[in-house]
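Here the structure is laid out as structure tokens; the discussion comes afterwards.
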Amino acid sequence: MTAIITRVKKKQLSDLMAQDKRADGRGLKDYREMKIEQGIIERAEGSARVLLGKTEVVVGTKIEMGEPFSDTPNEGVLTVNAELTPIASPEFEAGPPDEMSIELARIVDRGIRESKAINVEKLVIEPGKKVFVVFVDIYVLNHDGNLIDASALAAVSALLNTKMANYEIKDGEVHLKPGYEQLPIRKHPITVTVAKIEDKLVVDPQLEEELVMDARITFAIDDDENICAIQKGGSGYFEPNEIFEAAKIAKAKAKEMRKKLNW
Amino acid sequence: MNDKPEKLIDKKGLRLDGRKADELRPVKLEVGVIANADGSAYIEHGKNKILAAVYGPREVHPKHLALQDRTVMKCRYHMAPFSVQERKSPAPSRREVELSKVIRESLEPAVFMEYYPRTMVDVFIEVLQADGGTRCASITAAALALADSGIPMRDLVVACAAGKVDDTVVLDLMDTEDKLGGADVPVALMPNLNAVTLLQMDGILTHEEFEKAVNMALDGCRQIYAMQKEALKQKYVNVSEETKEEAEE
Amino acid sequence: MPIFLEKRQLVTPGDLIAEGEYLAGENTFVEDGKIYAARVGIVEYETKRVDVVALKAFYIPRAGDIVIGTITEVGFNGWTVNINSPYIALLRASDVLSRPFKPQKDDLPQVLDAGDLVVAKVVSYDRTHDPQLTVAEPGLGKITRGQIIKITPTKIPRVIGKKGSMISTIKQETGCNIILGLNGVVLITGKTLEDEQLAMRALLKIEQESHTSGLTDRITQMLKEEKTRKEENKNE
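As you go down the protein sequences, you meet chains G, W and S in turn. Position one of the first sequence corresponds to residue 2 (my numbering), numbered consecutively onward. Position one of the second sequence corresponds to residue 1209 (my numbering), numbered consecutively onward. Position one of the third sequence corresponds to residue 44 (my numbering), numbered consecutively onward.
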């Protein structure tokens, strides 16, 4: 099922946009109200819940032991998955991950992986044989636009909240010890999504804005203001100067958010 | 197997395959290579060998996916098991699913989707051999296949990547450079409208490096665009020349 | 008012072909007062208008068009017909029977079955409905013999030629009856298989070389050469 937006609503949004206004009264570069809670799922090694406007995402992390990839024998493994659960929207159906959830997971993964947020060298138990595998599972609970930023925020928050069991190796076997260690995090990537509507660039598109937008572009920015991931999405296009403009906006918003979150 | 080269660019500024920083790999294009398809094209870009075929516009299956006011475009990017060093399982990977989506989104803006409601256009891309930059080469071939199928378009779409190796921004990464380099930025462009329809990046770049990489990729796109137009015309120019010879006999 | 290319030049989608007060004709589109090509084809400039004669396009039905189609399915009260178009056409039972359809009495597959060929006329088509066909006119109906070939619909005018000159030449030289469906499907009925095949070759040659000059002469020459060869074979 695809969401349909009425012509009347479309026109409303168009007219407002022409005056640099948005339906919910925000400025073009404003995020909706953001709320982050950590440690809400005790069974998970780490967890976080993010409310971005009405968009709600929960991320849980689990740590297991496993084999490293053959081309990175001295690094732990990160794997990110996303579920667009049917409860989150009349558009979502139960079933195997579709292109939207796969893209979402891979964008969040890229931001974390390329920024080297997790110190994966410290996740090695036995070089080449045994490492810690970090599972990041993104659960979208309500879709009201901008799942990417909400999910990325929740993912990093959950990682910051993640505890790993202490262990020791005795006679070639891994034994758990009491106590925990924080997952070694050294960078805090922040993703900013900018949508293009009627030749204007708006930050944090709400669902109806997503239905009328030409396209969106997401930037993941690390603590040193480097860009570590970019993804353009949607069936429209950007002109090169709009891309560079969006990059500047993303840089500024990421800086703002970093300060607010204290990352 | 894995002798990682120490440097990706040598003292003379030449890369592993002898290219300069702003040099494209050789590109070969051919249009109309699959007789059964409504449109098709083949590309060799460096060592990449990719086939694209278009079927449609045609009836939508399953019917409930039809849109009342436009065509539905479906795109499948798929890599043959023998296309890469380590055999790849034929089942669609998450990467192929993501690429199918972004490739489709790079082609849709070029097609007049509103002209043919309740129809479907299928774009199939098969990577026979991969060597870095397959999504870009795929887009270049797929756009030709769409034009070859006779579906009306605003412009062709052409794609090229730039990136960073050894702290230098370079054009058109091959596989080793992509794997060992610092960043990869694929870009797709509709040159006449100056419209970027695909942009992705992974790695680490400063803002300045990013702008440089995008501009370099756009330049590479424009170079390949000229080749695309030639390839489309070539199909008909050949016939023209043959008939001229016939007349002279 | 600037035009940017020479007459009869090959263009590709996105090529700028004119600016200013020209009428944007076939296979073009306008953006910001500029006219661009939308399909691969030959650009034609008239006094007030630019067109692109597309080298390849598919058939979109228009009311009044004569088309040749294949029955694909026998439905509840009619048939679905493949008319070589993105849109599937419908032929109502009542139209074929020339009277209201009686589900108890009428056995539709007896009248027309899947795989049958028909010459029909498009009654109606719009963006929200599939094309409707009729065979209730003289010259329309089921086809019982002949050869069918498909050529890209944009070439049909070239096959007809100026004032029908090309098509008359082919009919004359091959002795075949030729029905040209505007959907690119052509029915050729001749006295012998050889005659029919000759006509097919002529049509395919036109499709391939439609963008070149001197085509009419080459086709006439080809047909005459074949005729001479046939005479020679007979005399041996």
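C-beta atoms are modelled at their ideal positions from N, C-alpha and C, and glycine is treated no differently.
Rounded C-alpha distance that separates W:S1346 from G:R107: The C-alpha of W:S1346 lies about 20 Å from the C-alpha of G:R107.
Is the beta carbon of S:V95 sitting closer than 8 Å to the one on S:R105? For S:V95 and S:R105, no; Cβs fall outside 8 Å.
Using Cβ-Cβ distances below 7 Å, what residues of the region 225-243 of chain G are close to chain W? For the region 225-243 of chain G, the residues whose beta carbon sits under 7 Å from a beta carbon of chain W are, in order, N227, I228, C229, A230, I231, Q232, K233, G234, G235, S236, G237, Y238, F239, E240 and P241.
Give me the DSSP bridge partner(s) of G:L29. In the DSSP secondary-structure assignment, G:L29 is not bridged to any residue.
Could you give the uninterrupted runs of the alpha helix (DSSP H) lying entirely in the region 152-240 of chain G, keeping only those of 4 residues or more? Qualifying alpha helix (DSSP H) stretches, in chain order: 208-213.
Rounded C-alpha distance that separates S:K277 from S:S253: Their Cα atoms are separated by approximately 33 Å.
Spell out the partners DSSP gives W:D1236 in its beta bridges. The amino acid at residue 1236 of chain W is misidentified as Asp; the sequence shows Lys. According to DSSP, W:K1236 bridges with W:E1252.
How should W:T1348 be labelled, buried or exposed, when 16 other C-beta atoms within 10 angstroms of its C-beta is the threshold for buried? With 16 or more other CB atoms across the displayed protein chains lying within 10 angstroms of its CB, W:T1348 is buried.
Helix, strand or coil at W:A1355 [DSSP, three-state]: Judged by DSSP in its simplified three-state form, W:A1355 adopts helix.
By the DSSP assignment, the beta strand (DSSP E) with W:M1361 in it spans what residues? It is not in any beta strand (DSSP E) - W:M1361 carries neither H nor E in the DSSP assignment.
Determine the closest residue to G:W311 out of G:V135, G:R8 and G:L154, with distance taken between C-alpha atoms. Because chain G here runs from 2 to 264, residue 311 of chain G falls outside it and cannot be looked at.
So W:A1403 and G:Y238 are supposed to be a Cβ contact under 8 Å. How far apart are they, rounded? The pair is a contact, with the Cβ atoms about 4 Å apart (cut-off 8 Å).
Unbroken beta strand (DSSP E) run spanning G:M35, endpoints: Its beta strand (DSSP E) spans residues M35 to Q39.
Within 8 Å of any Cβ in chain S, is that where the Cβ of W:L1440 sits? For W:L1440, the answer is yes, since a Cβ of chain S falls inside 8 Å of its Cβ.
Note down, one range per segment and in chain order, each alpha helix (DSSP H) of at least 4 residues found wholly within the region 109-141 of chain G. Fully enclosed alpha helix (DSSP H) runs of 4 or longer: not present.
C-alpha distance - W:D1427 paired with W:R1362, whole-angstrom precision: Straight across, the Cα-Cα distance linking W:D1427 with W:R1362 is about 20 Å.
Cβ closer than 7 Å: which chain W residues qualify as neighbours of S:V83? Proximity of chain W to S:V83 at the Cβ level (cut-off 7 Å) is accounted for by A1355 and L1440, in chain order.
Could you check the C-alpha separation between G:E104 and W:E1306 for me, to the nearest Å? G:E104 and W:E1306: Cα-Cα distance of roughly 5 Å.
Please state whether the Cβ-Cβ distance between S:R231 and S:E239 is less than 8 Å. Just to set this straight, residue 231 of chain S is Ile in the shown sequence, not Arg. A contact, by the Cβ cut-off of 8 Å.
Would you say W:E1306 reaches chain S, if we count a Cβ-Cβ gap shorter than 8 Å as a contact? Closer than 8 Å: no.
Along the region 94-105 of chain S, what residues have a CB closer than 7 Å to any CB found in chain W? Hits within the stretch, in order: A97, L98, K99, A100 and F101.
Per DSSP, what kind of secondary structure is S:K99 in: helix, strand or coil? Coil at S:K99, not helix or strand.
Distance cut-off 7 Å: S:K214 Cβ against heavy atoms of the ligand MN: Questions concerning the ligand MN fall outside what the structure shown contains, since it holds no ligand whatsoever.
Using a 10 Å radius around the Cβ and a threshold of 16 neighbouring Cβ atoms, would you call W:C1425 buried or exposed? Residue identity differs from the one stated: residue 1425 of chain W is Ala in this sequence, not Cys. Counting Cβ neighbours within 10 Å, W:A1425 comes out buried, since at least 16 surround it.
Can you check which of these residues, W:H1272, W:D1330, W:V1366 and W:Q1337, is closest to W:K1296 by C-alpha distance? Nearest neighbour of W:K1296 by Cα position, chosen from W:H1272, W:D1330, W:V1366 and W:Q1337, turns out to be W:Q1337.
Near S:R261, which residues of its chain fall below 8 Å by C-beta distance, leaving aside the five closest residues on each side in sequence? Non-local C-beta neighbours of S:R261 in its own chain, meaning closer than 8 Å and more than five positions away in sequence, comprise K248 and E252, ordered along the chain.
Does the CB of S:L48 have a neighbour CB from chain W at under 8 Å? Chain W, which has no Cβ nearer than 8 Å to the Cβ of S:L48, makes this no.
I need the DSSP call for S:R105, collapsed to helix, strand or coil. Coil.
Do G:A221 and G:G112 have their C-beta atoms within less than 8 Å of each other? With respect to G:G112, G:A221 sits close: the two C-beta atoms are nearer than 8 Å.
If S:A132 sits next to S:G112, beta carbons under 8 Å apart, how far is it from one beta carbon to the other, in whole angstroms? With a contact defined as Cβ atoms closer than 8 Å, S:A132 and S:G112 qualify at about 6 Å.
Bridge-paired residues (DSSP) for G:K63: G:K63 is bridged to G:F136.
Roughly how many whole angstroms lie between the Cα atoms of S:I210 and S:P196? Each residue's alpha carbon lies about 15 Å from the other.
When burial is assigned at 16 or more other CB atoms within 10 Å of the CB, is G:L177 buried or exposed? Counting every other CB atom within 10 Å of its CB across the protein chains shown gives G:L177 a total below 16, marking it as exposed.
Neighbour list for G:I218 in chain W, Cβ cutoff strictly below 8 Å: Chain order gives the chain W residues near G:I218 as L1407, where near means a beta carbon separation below 8 Å.
Are G:D145 and G:K201 closer than 8 Å when you measure CB to CB? Not closer than 8 Å, so no.
Quick check on DSSP: helix, strand or coil for W:Q1293? It is coil, neither helix nor strand.
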